[in-house]
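If you read the sequences in order, they're chains Y and E.
Start counting the first sequence at 179; every next residue gets the next number (my numbering).
Start counting the second sequence at 179; every next residue gets the next number (my numbering).
For every residue, glycine included, the Cβ atom is placed at its ideal position computed from N, Cα and C.
For clarity, every value in this text was computed on a predicted model and none was experimentally measured.
Everything on this sheet refers to the single structure shown next.
Number of protein chains: 2
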Amino acid sequence: MRRHIGAGAALALLASCTTAEPETRADPEPSARYTFWRPAPVLEATEPAEVIKNSAVGDWRTVEPENLLIMELRGGGRVAIELATDFAPVHVANVRALARGGWWTPASVYRIQENYVVQWGLNEGEKPLPGGVVKAPPAEYDRAIAGLPIRPLGFPDSYAPMVGHVNGWPVGYDPEAGRAWMTHCYGMVGVGRDLHPDTGTGGELYAAIGHAPRHLDRNIATIGRVLEGIEQLTAHPRGTEALGFIKDPKNHIPVVRIRLAADIPPAQRPSYEVMRTDTPTFSAYVTGRANRSGSFFQRPAGGVDICNALVPTRRRVGG
Amino acid sequence: MRRHIGAGAALALLASCTTAEPETRADPEPSARYTFWRPAPVLEATEPAEVIKNSAVGDWRTVEPENLLIMELRGGGRVAIELATDFAPVHVANVRALARGGWWTPASVYRIQENYVVQWGLNEGEKPLPGGVVKAPPAEYDRAIAGLPIRPLGFPDSYAPMVGHVNGWPVGYDPEAGRAWMTHCYGMVGVGRDLHPDTGTGGELYAAIGHAPRHLDRNIATIGRVLEGIEQLTAHPRGTEALGFIKDPKNHIPVVRIRLAADIPPAQRPSYEVMRTDTPTFSAYVTGRANRSGSFFQRPAGGVDICNALVPTRRRVGG
Chain Y
179 MRRHIGAGAA LALLASCTTA EPETRADPEP SARYTFWRPA PVLEATEPAE VIKNSAVGDW
239 RTVEPENLLI MELRGGGRVA IELATDFAPV HVANVRALAR GGWWTPASVY RIQENYVVQW
299 GLNEGEKPLP GGVVKAPPAE YDRAIAGLPI RPLGFPDSYA PMVGHVNGWP VGYDPEAGRA
359 WMTHCYGMVG VGRDLHPDTG TGGELYAAIG HAPRHLDRNI ATIGRVLEGI EQLTAHPRGT
419 EALGFIKDPK NHIPVVRIRL AADIPPAQRP SYEVMRTDTP TFSAYVTGRA NRSGSFFQRP
479 AGGVDICNAL VPTRRRVGG
Chain E
179 MRRHIGAGAA LALLASCTTA EPETRADPEP SARYTFWRPA PVLEATEPAE VIKNSAVGDW
239 RTVEPENLLI MELRGGGRVA IELATDFAPV HVANVRALAR GGWWTPASVY RIQENYVVQW
299 GLNEGEKPLP GGVVKAPPAE YDRAIAGLPI RPLGFPDSYA PMVGHVNGWP VGYDPEAGRA
359 WMTHCYGMVG VGRDLHPDTG TGGELYAAIG HAPRHLDRNI ATIGRVLEGI EQLTAHPRGT
419 EALGFIKDPK NHIPVVRIRL AADIPPAQRP SYEVMRTDTP TFSAYVTGRA NRSGSFFQRP
479 AGGVDICNAL VPTRRRVGG
């Protein structure tokens, strides 16, 4: 039985609203929900590519080998994923234990759904879970905001009271409720699950490949982000079954193995850097994304959404 | 020479959620730009798929054959595009004249850029433009809001003062400036251009295939939307040149021809429907997209962005 991201019946838990002036109507008219903002375009923004080019060594952090997951596909394709340790720690620990236990050696990509997700892994029935894997992790769908030094994006969001970045990760947050969560942007990686309270072990993972499916925020454990190689997952025929599942197993894309970089001999170990998000350089990058100024652009937007301000990453020379 | 919006007038007119105290600082801190909203999740929303299933005949409009562009790819792939007549009329008239003049018979898909666009067509130097094609169309990047019966989406947007739908099209708009424009959502089709004042003839077209590149809004002529077959454009290796251009012409994807449905014999002519956006059914659909209620979901977002509320389309039976 494959885990689905999104399927059928009905029930909804609701966030508590603790505003000073709580909205009491359950379903206000659209125009009454809030007062609209006006973007304020910045005229002299620097193009994002220029910001990256002009960045200093100290504007980047190195991805820890313990947080770097390397998936190898048949034919030589490689996908690099950074694990986010601050948001779903039990699931991330599971993913490490699964990698070290050879869970995905081999496995396959068995779902490609246009404008939604690519999913890979092994069904839990297919072999015993390695030692150290928690079989029923808690619902790590959001977390306390305390301890997260969030940089506000500075523009409105269609889903969350606020959005921003913390340690290179895109987050939505609710200061009044005191909760934060990673946002489902293009390239983000999550843990496939069945219906709650099943949260998934981590044995089946997915990456968002289209327009950000933000409705998944706070409904599933997100554990990381593809740093490089997502086109190895997207440049294939879409699955023709419901939800993009690939019917014939011989059309699945073979996964040769998935390892932690920490377990790869240093001479062969790839290495990546992620732009720090607590620097003036990153602020310049966000301003540049919100106010494109290249010769092509006539009119900067004056705003950008959290998933169109993807944090720059790069492979280290020699890595 | 770069031009920027409203040179010398980068004032931010600001609004808040629950108070009416406009900000007037030219370059406010991110957290001061606006007052954040709080989503108000709806507990009893109907799943979008159910709304579609329960819709009535009158909830849909038929795409006019004169506005339906059919692209045929070698191997039998077909891409259907609806042309939007209200936003870039000269460019749309050009596209019709190009189709009728056999401009794309044959042509090719020569650019596939991950998480951005697929582009196809013919370079203007490759053969003479057909009669009736305006060689230098005006900059139809936005238009007057007057005459557009916009349905507000009802949620904040990261780019535009307001967003909504009109006649099935996603739009951003600025009531104070009196301007509206189509938003660059996944699947939207635009006219490739060089540097302004070149706006493109329509001879080269692109479709957005990833997270909505909204920074293109108001910077390029958008002319329509892919109704069906976008996976015929996305399920291919990405171009390896800068901007995703495919280096070797033999790896381009051959376009056999592009025709208007109006010029296809009725017996072979495909037909599509688009959900009307001025109905209670569409409002229920938006509410459902903003408040996913299937058995998978634990927590409805209470909001949705304009590009994650794509207007439903369907091929007509027998069409």
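{"Asked": "For the segment 401-419 of chain Y, which residues have a CB atom closer than 7 Å to at least one CB atom of chain C, in sequence order?", "Found": "Absent from the structure: chain C. Protein chains present are Y and E."}
{"Asked": "To the nearest angstrom, how far is the alpha carbon of tryptophan 298 (chain Y) from that of proline 448 (chain Y)?", "Found": "22 Å"}
{"Asked": "If I follow the unbroken alpha helix (DSSP H) through serine 473 (chain E), where does it start and stop?", "Found": "Serine 473 (chain E) -> no alpha helix (DSSP H), and no H or E assigned at all."}
{"Asked": "Going along the chain, which residues of the segment 356-384 of chain E sit with their C-beta nearer than 9 Å to a C-beta in chain Y?", "Found": "Cys363, Tyr364, Gly365, Arg371, Asp372, Leu373, His374"}
{"Asked": "Does the CB of aspartate 426 (chain Y) have a neighbour CB from chain E at under 8 Å?", "Found": "no"}
{"Asked": "If we cut at 8 Å on Cβ distances, does tryptophan 281 (chain E) have a partner in chain Y?", "Found": "no"}
{"Asked": "Among Y:Glu242, Y:Ile290, Y:Glu318, which residue has its Cα nearest to the Cα of leucine 421 (chain Y)?", "Found": "Y:Ile290"}
{"Asked": "For a cutoff of 8 Å on Cβ pairs, would you count valine 482 (chain E) as touching chain Y?", "Found": "yes"}
{"Asked": "By the 10 Å Cβ neighbour count, where 16 or more other Cβ atoms means buried, how is threonine 465 (chain Y) classified, buried or exposed?", "Found": "buried"}
{"Asked": "One question on the structure: do valine 433 (chain Y) and leucine 251 (chain Y) come within less than 8 Å of each other, judged by their Cβ atoms?", "Found": "yes"}
{"Asked": "When the Cα atoms are used, what is the spatial distance from arginine 329 (chain Y) to histidine 343 (chain Y)?", "Found": "5 Å"}
{"Asked": "In the segment 464-480 of chain E, which residues sit with their C-beta less than 9 Å from some C-beta in chain Y, listed in chain order?", "Found": "Val464, Thr465, Arg467, Ala468, Asn469, Arg470, Ser471, Gly472, Ser473, Phe474, Phe475, Gln476, Arg477, Pro478, Ala479, Gly480"}
{"Asked": "Between which residues of its own chain and alanine 386 (chain E) is the CB-CB distance below 7 Å, once the five residues before and five after are set aside?", "Found": "Val295, His362, Cys363, Tyr364, Gly365, Met366"}
{"Asked": "From this set, Y:Arg470, Y:Val489, Y:Phe423, Y:Asp456, which residue's C-alpha is nearest tyrosine 450 (chain Y)'s C-alpha?", "Found": "Y:Val489"}
{"Asked": "Using a C-beta cutoff of 8 Å, does arginine 211 (chain E) count as contacting chain Y?", "Found": "Because the pLDDT of arginine 211 (chain E) is 46, which lies under 50, any placement of that residue in the model is unreliable, and the question is left without a value."}
{"Asked": "Rounding to the nearest angstrom, what Cα-Cα distance links methionine 249 (chain Y) and isoleucine 398 (chain Y) in this structure?", "Found": "22 Å"}
{"Asked": "Measuring alpha carbon to alpha carbon, tell me which residue in E:Gly388, E:Thr240, E:Val349 is nearest arginine 416 (chain E).", "Found": "E:Gly388"}
{"Asked": "According to a CB-to-CB cut-off of less than 8 Å, which residues of the segment 319-334 of chain Y neighbour chain E?", "Found": "Tyr319, Pro330, Leu331, Gly332, Phe333, Pro334"}
{"Asked": "Considering proline 391 (chain E), what are the terminal residues of the alpha helix (DSSP H) in which it resides?", "Found": "Note, proline 391 (chain E): premise wrong, no alpha helix (DSSP H); not H, not E."}
{"Asked": "Just curious, the beta strand (DSSP E) that isoleucine 259 (chain E) is in, first and last residue?", "Found": "256-261"}
{"Asked": "Give me the chain E residues within the contact set of proline 315 (chain Y), using Cβ-Cβ distance strictly less than 9 Å, ordered along the chain.", "Found": "Those do not exist, as proline 315 (chain Y) stays about 15 Å from chain E at its closest Cβ, beyond 9 Å."}
{"Asked": "Work out the CA separation of glycine 332 (chain Y) and threonine 457 (chain E) for me, nearest whole Å.", "Found": "34 Å"}
{"Asked": "Under 9 Å between beta-carbons, which chain Y residues line up against alanine 390 (chain E)? List them in chain order, please.", "Found": "His389, Ala390, Asp483, Cys485, Asn486"}
{"Asked": "For tryptophan 238 (chain E), which residues from the same chain have a beta carbon less than 8 Å from its beta carbon, with the 5 sequence-adjacent residues on both sides left out?", "Found": "Glu451, Val452, Met453, Arg454, Arg492"}
{"Asked": "Cβ of glutamate 292 (chain Y) less than 8 Å from any chain E Cβ?", "Found": "yes"}
{"Asked": "Applying a beta-carbon distance threshold of less than 9 Å, which residues of chain E neighbour aspartate 395 (chain Y)?", "Found": "Arg477, Ala479"}
{"Asked": "Along the alpha helix (DSSP H) that carries leucine 411 (chain Y), what are the first and last residues, could you check?", "Found": "409-412"}
{"Asked": "With a threshold of 16 other CB atoms inside 10 Å of the CB of leucine 373 (chain E), please say whether the residue is buried or exposed.", "Found": "exposed"}
{"Asked": "Could you tell me the alpha carbon to alpha carbon distance between alanine 462 (chain E) and glutamate 228 (chain E), rounded to whole angstroms?", "Found": "10 Å"}
{"Asked": "Check whether the Cβ atoms of glutamate 260 (chain E) and leucine 405 (chain E) sit closer than 8 Å, and answer yes or no.", "Found": "yes"}
{"Asked": "How would you write the range of the alpha helix (DSSP H) that leucine 276 (chain E) sits in, first residue to last?", "Found": "267-278"}
{"Asked": "Tell me which residues share the same chain as arginine 274 (chain E) and place their Cβ nearer than 8 Å to its Cβ, disregarding the 5 neighbours each side in the sequence.", "Found": "Glu244, Leu261, Leu438"}
{"Asked": "Leaving out five residues before and five after lysine 425 (chain E) in sequence, what residues of the same chain have Cβ atoms less than 8 Å from its Cβ?", "Found": "Gly417, Thr418, Glu419"}
{"Asked": "Following the continuous alpha helix (DSSP H) through alanine 227 (chain Y), name the residue where it begins and the one where it ends.", "Found": "226-231"}
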